[in-house]
Structures are given as structure tokens and as C-alpha cells.
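Enquirer: Below you'll find the structure I mean.
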Amino acid sequence: MDYVGYVIRPPSEAYSMIIQVTVGCSHNMCTFCGTYKGQKFRIKDMATIKKDIDEASRYRFDRVFLADGDVLILPTATLLEIIDYIHKKCRGVERIGVYANTKAILKKSVEELKELRDAGIGILYQGIESGNQEVLRRIRKGAFPRHMTEAAARVRESGILLSQTVLLGIGGVDMSRAHAEDTGKLLGEMSPDFASALTVMLLPNTELYRDWQAGTFRLPDKFGLLEELKIIIENMEVKNQCLFTSNHASNYLPLRAVLPDQKSEIVGLIEQVLEKRDERLLKPEHMRAL
Ligand code: SF4
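Going letter by letter, the sequence shown gives residues 9 to 298 in the numbering used here.
Structure follows, in C-alpha cells:
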């Protein structure tokens, strides 16, 4: 397979066939993200993509994840050509997933999203990071809550599953509470099918790391991060069922709960850990990863 650079995928796509159709991320400005630093965004040529699909067709799989960072930014016609070729060559593919930043979603109409759903796109992964306007400005996410809400509404209307991620600690110590409260509220308003919390990891090739070194960004401690997790869930007033997880490798406390049904249960569990303040209940530092 023609994998270029650092290819990532969401945890839930661990068993999917990964086909890289773009290299890098079209935004590539988030201050905390080091994944594609130095990598110029480009769409791979169709011949290379099809060659990879031919190669993938030798294996059995039912899910495909199209990498890299922001595949929904591709023109709809290009995406449809890729999906069509996947279905032609690979029997039994039930779902195709892609990362989609807010700007990319807003470039598509509901009709285009429906066309992609009918062709086989079953899930979009949208990075939210925070529901707080000021935090989003600081981290240069390139989108604010009003854009995210509009994008989420379009995806929901199209019938494609929506999975959103938020980032514990990204507001720093000074914005910790506001970040957590606003993030929980925004997630509730958007009510995705899946929501996951990840935890900031300070990567040396990022602007956030340099801010941390300069002392202008301070990361909450482990229990401060857990407090954020609790506040986010407390503030999530979802309109429909949402599977909330914090099982990403970056987190100190892996959790999984269906909201709203298990809300009090999961909040109670976090409170117990917060009361004990026993680090042995948390994932050891050396086991954390991106
Ligand atoms: S977090 Fe996502 S949108 Fe931001 S630079 Fe990284 S890949 Fe691109």
C-alpha cells in the first residue's frame, strides 16, 4: 500500500482497511496538533488510489477508512469515484468512514452529503476540541461553535453517523472550567451519535508545546483533567442517544457510557476517583499515547 507519512485513524476504525487518499490536512493550523506538521496537503492521484484499492481487494474486510486528516474536503465527484471503485473491487464493504473538519462539512450541501451516504459513506469523524469560543480562537481550530452546530445539523440531516471528539486540557488551567462547561453544552446541542474525549499530549513540534515551555500555557493536572471530563458529561443534555467514550490511549481514565441513560452512573464513577485522588486508579503515564 502506498502509505505516505504518519497515517492515523480513529480507535473505532482499528479493524478497517485504511486507504490513504490524501496526504496531510487541508487546515494544518491547530496549535496542539503535530500529526502533519511539515507535510503539505495534497490529494493523491487517482491511479495511485485505485492501485491501493486493487491491492486491498485481496483481503476480506467490511469497513474502510479513507485517510488522511480531512478527506471530506475532496470534491464530491472525486469521493464518489473512489467509493464506486471500492464497491466494484471489494465485496462486502458495509461502511466507509472519513475525518471531516467543520469547514469541509460546510462546503457540502445536505444533498451532497446524502449522495455520499447513499454511495457508502457511513460515518464522519469531526474534531470539535472545545465548545468555548476563546479556546477555539487560541488553538486556531478554524471554526467556532456556530459553525460546528451548523455542520453537525447538516450531517444529521443527511443520515450519516456523526462521531465528534473533544480535548481535555486544551483550555489550560485558566480556561479549564469554561472549556469543560461550554464543551458539554455544545455536545449536548449537537447530539452526535458518538462523542469521545481525548487528552492533550504536548508534542515538541507544536506551538502549544512552545507555549507550555514559555509558561504561557499550563496543563491541568491529572485530576483537573478528570474534573473536566465530569463537567463535560454533566453539561451534555443530549437530544438522542449518544455513546460517550474516553477510551483513547491519551486518557487517564477509560470510560464508556450511553447517554443520557448512564449519565448519573458515569458521573458518580468519576466522582469516586476524584474523591480518592489515588493515582493508581489512573492509567500510568508510560501507557499513554496518541
Ligand atoms: S487537529 Fe485535525 S484539523 Fe487540526 S491540524 Fe490536526 S488534523 Fe488538521
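We treat Cβ as the ideally placed atom computed from N, Cα and C, and that holds for glycine.
In terms of residues, what are the limits of the beta strand (DSSP E) holding V106?
Expert: R103 to Y107
Enquirer: Which first and last residues belong to the alpha helix (DSSP H) in which Q280 is found?
Expert: K271 to K284
Enquirer: On the DSSP letters alone, give me the boundaries of the beta strand (DSSP E) that R71 sits inside.
Expert: R71 to A75
Enquirer: Which first and last residues belong to the alpha helix (DSSP H) in which I241 is found?
Expert: K230 to N243
Enquirer: Please return the same chain residues whose Cβ sits closer than 7 Å to the Cβ of I274, not counting the five positions on each side in sequence.
Expert: I241, L263 and A265
Enquirer: Return the Cβ separation of I90 and I57 in integer angstroms, given the expectation that the two are a contact with Cβ distance under 8 Å.
Expert: 6 Å
Enquirer: Within 10 angstroms of the Cβ of P212, are there 16 or more other Cβ atoms? Answer buried if so, exposed if not.
Expert: Burial check for P212: the Cβ neighbour count within 10 Å stays below 16, so the residue is exposed.
Enquirer: Check for me: the alpha helix (DSSP H) holding L124 runs from which residue to which?
Expert: V118 to A127
Enquirer: So, using beta-carbon positions, are L124 and E158 closer together than 9 Å?
Expert: The answer is no: Cβ separation not under 9 Å.
Enquirer: Might you give, ordered along the chain, the residues of its own chain that have their beta carbon closer than 6 Å to the beta carbon of S112, omitting 5 neighbours on each side?
Expert: In the sequence as displayed, the identity of residue 112 is Ala instead of Ser. Once the five neighbours on either side are set aside, the close Cβ partners of A112 are D78, L80 and I81.
Enquirer: Is DSSP giving G135 helix, strand or coil here?
Expert: strand
Enquirer: Indicate, with yes or no, if the ligand SF4 has a heavy atom lying under 8 Å from the CB of D190.
Expert: no
Enquirer: Is the beta carbon of T30 sitting closer than 9 Å to the one on M54?
Expert: No. Outside cutoff.
Enquirer: Assuming I51 contacts V72 under a Cβ cut-off of 8 Å, what Cβ separation, rounded to an integer in Å, is found between them?
Expert: About 17 Å; that fails the 8 Å criterion.
Enquirer: To the nearest angstrom, how far is it from the Cα of K34 to the Cα of D10?
Expert: For clarity, residue 34 is Ser in the given sequence; the question names Lys instead. The straight-line gap from Cα to Cα measures roughly 20 Å.
Enquirer: Which residue wins for smallest C-alpha separation from P18, given the options T224, K48, Q134 and R288?
Expert: Closest in alpha carbon position to P18, among T224, K48, Q134 and R288, is Q134.
Enquirer: Would DSSP call T324 helix, strand or coil?
Expert: Because residue 324 is not part of the residues shown, which for the chain are 9 to 298, the question remains open.
Enquirer: Helix, strand or coil for S258? Go by DSSP, reduced to three states.
Expert: When DSSP states are grouped into helix, strand and coil, S258 belongs to the coil group.
Enquirer: Opposite F202 in the DSSP bridges: which residues?
Expert: S171 and L251
Enquirer: Tell me V31's beta-bridge partners as DSSP assigns them.
Expert: For V31, DSSP records a beta bridge to R50.
Enquirer: For the 8 Å Cβ check, are there 3 or more pairs between the segment 217-231 and the segment 195-206?
Expert: no
Enquirer: Between the C-alpha atoms of I136 and V181, what's the straight-line distance to the nearest angstrom?
Expert: 19 Å
Enquirer: How is the alpha helix (DSSP H) around L88 delimited, first residue to last?
Expert: T84 to K97
Enquirer: Using 10 angstroms around the beta-carbon of A297, count the other beta-carbons present and answer buried if the total reaches 16, otherwise exposed.
Expert: exposed
Enquirer: How far does the beta strand (DSSP E) with R264 in it extend, from its first residue to its last?
Expert: R264 to L267
Enquirer: Give the straight-line distance between the Cα atoms of L216 and Q172, rounded to the nearest whole angstrom.
Expert: Distance between the alpha carbons of L216 and Q172 is about 22 Å.
Enquirer: Take the Cβ of L289 as the centre, count every other Cβ of all protein chains shown within 10 Å, and call the residue buried at 16 or more, exposed below.
Expert: exposed
Enquirer: How is I57 classed by DSSP in three states: helix, strand or coil?
Expert: helix
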